[in-house]
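**Q** Under numbering that gives the first Met the number 0, read the sequence shown as residues 0 to 814, first letter to last.
Here a beta-carbon is modelled for each residue, glycine too, at the ideal position from N, C-alpha and C.
What follows is a structure written as structure tokens; I'll ask about it next.
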Amino acid sequence: MIKPTFLALATAGLLSFCDTAEERADGHFQSGLELLQEGDVDRALVEFRNVFKLDGTHREARLRYAEAERARGNIREAYGQYLRLVEQYPDSLPGQRALAEMSLTVNDWDAAQRHASAAAELAPEDPVVQAVNATIAYRDALTGSGDDAARRAAVTKAQALVSEDPDLMIARRVVIDDLIRNQDWTAALSAIDAALAREPDDRQLYTIRLGVLNQLGETSEIRAQLEDMIERFPEDPNVLATLVRWYMSQGDVDAAQAFLKERADEDPGEIDDIVTYIRFLAEARDNQLALAELERILEGDPPEVERLTALRAGFRFDLGEQDGAITELEDVIDGMEPSDERRSIMVMLARMLDATGNNVGARALVEQTLEEDESQPDALKMRAGWLIESDRTDEAIVALRSVLGETPNDAAAMTLMAQAHERAGNRDLMADMLSRAVDASRNAPEESLRYARYLIGQDNLRSAETVLINALRLASGNVALLSALGEVYMGDQDWPRLTQVIETLRRQEGPSAERLANELTARQLAAQDREDELLSFLDTLAGEGASGLGAAATIVRARLAQGDVEGAQEYARETLDANPEDPNARFLMASVQAVTGEIEAAEATFQDLAAKTPQDQRFWLALYNIRAAQEDSEAARQALRDGLEASPDSLRLNWALAGILEREGDVSGAIEIYEKLYAANSNNLIIANNLASLLATGREDAESLDRAHEIARRLRDRAVPAFQDTYGWIAFRRGDLDTALSALEPAAAGLPGDPTVQYHLARTYVARDEQAEALAQFRKVVEAVGDRPPPEFMGEVEAEIERLEAAVGDDDAQN
0 MIKPTFLALA
10 TAGLLSFCDT
20 AEERADGHFQ
30 SGLELLQEGD
40 VDRALVEFRN
50 VFKLDGTHRE
60 ARLRYAEAER
70 ARGNIREAYG
80 QYLRLVEQYP
90 DSLPGQRALA
100 EMSLTVNDWD
110 AAQRHASAAA
120 ELAPEDPVVQ
130 AVNATIAYRD
140 ALTGSGDDAA
150 RRAAVTKAQA
160 LVSEDPDLMI
170 ARRVVIDDLI
180 RNQDWTAALS
190 AIDAALAREP
200 DDRQLYTIRL
210 GVLNQLGETS
220 EIRAQLEDMI
230 ERFPEDPNVL
240 ATLVRWYMSQ
250 GDVDAAQAFL
260 KERADEDPGE
270 IDDIVTYIRF
280 LAEARDNQLA
290 LAELERILEG
300 DPPEVERLTA
310 LRAGFRFDLG
320 EQDGAITELE
330 DVIDGMEPSD
340 ERRSIMVMLA
350 RMLDATGNNV
360 GARALVEQTL
370 EEDESQPDAL
380 KMRAGWLIES
390 DRTDEAIVAL
400 RSVLGETPND
410 AAAMTLMAQA
420 HERAGNRDLM
430 ADMLSRAVDA
440 SRNAPEESLR
450 YARYLIGQDN
460 LRSAETVLIN
470 ALRLASGNVA
480 LLSALGEVYM
490 GDQDWPRLTQ
500 VIETLRRQEG
510 PSAERLANEL
520 TARQLAAQDR
530 EDELLSFLDT
540 LAGEGASGLG
550 AAATIVRARL
560 AQGDVEGAQE
570 YARETLDANP
580 EDPNARFLMA
590 SVQAVTGEIE
600 AAEATFQDLA
610 AKTPQDQRFW
620 LALYNIRAAQ
630 EDSEAARQAL
640 RDGLEASPDS
650 LRLNWALAGI
660 LEREGDVSGA
670 IEIYEKLYAA
680 NSNNLIIANN
690 LASLLATGRE
700 DAESLDRAHE
710 IARRLRDRAV
720 PAFQDTYGWI
730 AFRRGDLDTA
740 LSALEPAAAG
750 LPGDPTVQYH
760 LARTYVARDE
770 QAEALAQFRK
780 VVEAVGDRPP
790 PEFMGEVEAE
800 IERLEAAVGD
810 DDAQN
């Protein structure tokens, strides 16, 4: 038994200790406040950390610490501190409000919604909170969860908030975005200028302003703004790159080169200017000239010799001196002490190792880099890329958020984030990141092309056109951009503008531009039903020797489609006579023979072509197809085996073999092939779908089902019946019946003749206890099977029909 006197003394001592700790914590807090007022942020943060050692729940210290980190741009640390604050004190308005704002800047819409809602409950009239919620409502309306009335309401609210508080930039951005979407360019420019008057160093606003100036055709204003931005943001390489693209768009490569050379040759020189100049030479001229200039600079007394030596190694690598380049980089790294520059060079070496197949060495270097600096952006991006390939998208997103927290204008990180969201099935977030990458890169060709392709896939041709034209203003001769713009006008049947694109392509140098111009011309003539002109055009191309063989094949296909078998045979024969040793001409002739009944002659030619050119998978596939058509399954399979012996990594040959194994019931063998194909190209949607489908239908273990779900997440909301069936059946097996139904109903409607798809939907109706729908659906399975060999589940189907007929009756069954 404890004596009362002793207990009282012990308790008094404990309370005395607590008072002392609280006083010490408050002392550190007051000291931190004084240091903040004096502008000594680093020492102030040390004092606040001392507070947390004594009192981890000190509310004001946590808030001031978070505010200080945010003010000096340490967004990731600030976000974490604000998050801890609201976890301890959910009623902290400054914490919830700051988290909502910061979540908007990185497009974490779920977090923004969560914290904005919490802030609105605490202070519904707070202007910042209202602005954040208006932004969220505006975004929801644009992405399909709202409507046009909701969008207009959000814009009206934002306009009112700006009128009340002109410094409210969150609301201003909504107003500006709406003006741009309405293509009110003059008003948009005025709104942007008004915003810049309040925030003259807002880089994103300058980027948006460039796009608006593009639309208004203000060429001189574009140059003036870019030159101003270089002075205003000297550390931002994207600005300089944009100005160079502008010079290039004006056809003045010499001016761009002279401008960059002048910056590179300044004394004292800036390393970034030298690197930019050398890389420009590599892209606009050639690697040899770039390497020669780099050698000239290295002979002088340049800054950061190690970095320039690493750059030289990069050029050597690209020119084919891979082993020498890797050795040179290893020597550079060995001669340096740990530093940011050394870590950057380590990542460069990791890329080289990865490109040469040494993935293990590359990963080890990246991990070593991150052990030294866990926030090294290039290393995090490489790690994120590997995580995405492995379908570990959640981890990739965390890594990329860290990168964007440190470098918010990193277009490459945004592109990777878009890929991660796509893998995870979040296509709205993917689109948002692709759009942000375009803005961050100042309408760079690659980023613009990715976003435009997404928009074209969504049939949003007008927006795709805008993105491509903005990019072309700064890269007018980019063949890939012109090709995509041609696709837009082809889909829109805008023949005058398509003709302009074709003419622009013909003015470019190089075979790819000419090929694309010819392809678009042929497609335009075909779409306009100008058959005689099309055949005449193709005939002209076909007369150009080997380069015209593609046109010859198109003419042959056209004549076969018209039923002109003799004409097709004659044209193929003439093509072969003109090119007797060309394997493509022989292949064309044999293909015509195959479809016109000359099987033996065709097979002999395919066999000879495959023997002489074993790496060309077309010949093996043709040999496989002609033997399979004769129902000689063993000979057909042997063609695939022989082809794979010559080209073991051939996508199409492996694909064909997997199909055979699947049809024969060797699901494990088919899965093994698809796993190999998926490891080589995990971005291929069809491979991903087929692998996920086989894992979900051919195996019963939980591990395989989890892997199928992981792979199939990217198929969500894709309007392709086969993808919907895979995604829906996986959802069914995981017990998510609502998701299963929403995917399997359109899949069954899109594939009415596929018994398996109809069966999957029937099983879902049974699981949901929708018996009438299930009975009608099982009957559709029987109809789909017809006279074909019954599938394994046919016995179950017949038993279910009998059971459901007894339970439901014919009158209630939905047919």
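#1: Output the boundary residues of the alpha helix (DSSP H) element that contains Arg262.
#2: Using CA atoms only, rank isn't needed, just tell me which of Ala110, Ala748 and Arg171 is closest to Gln723.
#3: Taking Ser741 as the reference, give the member of Thr755, Ala223 and Leu760 with the closest Cα.
#4: Whose CA, out of Arg231, Ala600, Asp25 and Thr241, lies closest to the CA of Ala255?
#5: Give me the Cα-Cα distance between Gln287 and Phe314, rounded to the nearest whole angstrom.
#6: Could you tell me the distance, in whole angstroms, from the CA atom of Leu386 to the CA atom of Thr392?
#7: Would you tell me roughly how many angstroms separate the C-alpha atoms of Asp176 and Arg617, rounded to the nearest one?
#8: Closest to Leu460 by CA distance: which of Glu445, Glu486 and Ala479 is it?
#9: Got a sec? Which residues, its chain only, sit under 7 Å from Ala122 by beta carbon, not counting five neighbours each side?
#10: Do three or more CB pairs link the region 272 to 291 to the region 474 to 486 at distances below 8 Å?
#11: Identify which residue in Glu599, Ile598 and Gln568 has its Cα closest to the Cα of Leu587.
#12: Should Ala436 and Ala410 be called a contact, given that it needs their Cβ atoms to be closer than 9 Å?
#13: Take the Cβ of Gly384 as the centre, count every other Cβ of all protein chains shown within 10 Å, and call the residue buried at 16 or more, exposed below.
#14: Rounded to the nearest angstrom, how far is the Cβ of Leu160 from that of Ala130, given a contact under 8 Å?
#15: Shortest alpha-carbon distance to Gln527 belongs to which of Arg452, Gly424 and Asp491?
#16: Is Glu799 buried or exposed, if buried means 16 or more other CB atoms sit within 10 Å of its CB?
#17: Just verifying my parser: in three-state terms, what is the DSSP assignment at Glu373?
#18: Could you give the DSSP three-state label for Gly664: helix, strand or coil?
#19: Would Ile135 and Ala117 be called neighbours here (beta carbons separated by less than 9 Å)?
#20: Given this structure, state the Cα-to-Cα distance separating Pro126 from Gln87, to the nearest angstrom.
#21: What three-state label does DSSP hand Ala311 in the structure shown?
#22: Apart from the five residues on each side of it in sequence, which residues of its chain come closer than 7 Å, Cβ to Cβ, to Leu141?
#23: So, with DSSP's three-state summary, where would you put Arg295?
#24: Quick one, which of Pro337, Ser338 and Ala309 has its alpha-carbon nearest Ile325's?
#25: Would you say Ala312 and Met345 are within 9 Å of each other, going by their C-beta atoms?
#26: Tell me whether Ser632 sits in a helix, a strand or coil according to DSSP, three-state version.
#27: So, helix, strand or coil for Asp201, using DSSP?
#28: Please say whether Asn653 and Leu690 have beta carbons closer to each other than 9 Å?
#29: Applying the 10 Å Cβ sphere with the 16-neighbour rule, what's the burial state of Arg377?
#30: Is the beta carbon of Leu473 less than 9 Å from the beta carbon of Ile501?
#31: Run through DSSP, which three-state label would Glu769 get?
#32: Measure how close the beta-carbons of Ala657 and Tyr673 come, nearest whole angstrom, since I'm counting them as under 8 Å.
#33: Pick out the complete beta strand (DSSP E) segments inside the region 394 to 443, 3 residues or longer, and give them in chain order.
#34: Pull up the distance between the alpha-carbon of Ala67 and that of Asp372, whole angstroms please.
#35: In its own chain, which residues sit with a C-beta less than 6 Å from the C-beta of Ala609, not counting the 5 before and 5 after it?
#36: Where do the ends of the alpha helix (DSSP H) carrying Tyr78 lie?
**A** So, to answer that:
#1: Val252 to Ala263
#2: Ala748
#3: Leu760
#4: Thr241
#5: 8 Å
#6: 6 Å
#7: 50 Å
#8: Glu486
#9: Leu92 and Val128
#10: no
#11: Gln568
#12: yes
#13: buried
#14: 5 Å
#15: Asp491
#16: buried
#17: coil
#18: coil
#19: no
#20: 25 Å
#21: For clarity, residue 311 is Arg in the given sequence; the question names Ala instead. If DSSP states are grouped into helix, strand and coil, Arg311 belongs with the helices.
#22: Arg150
#23: helix
#24: Ala309
#25: no
#26: helix
#27: coil
#28: no
#29: According to the sequence shown, residue 377 is Asp rather than Arg. Counting Cβ neighbours within 10 Å, Asp377 comes out buried, since at least 16 surround it.
#30: no
#31: coil
#32: 6 Å
#33: none
#34: 23 Å
#35: Phe618, Trp619 and Leu622
#36: Ile74 to Gln87
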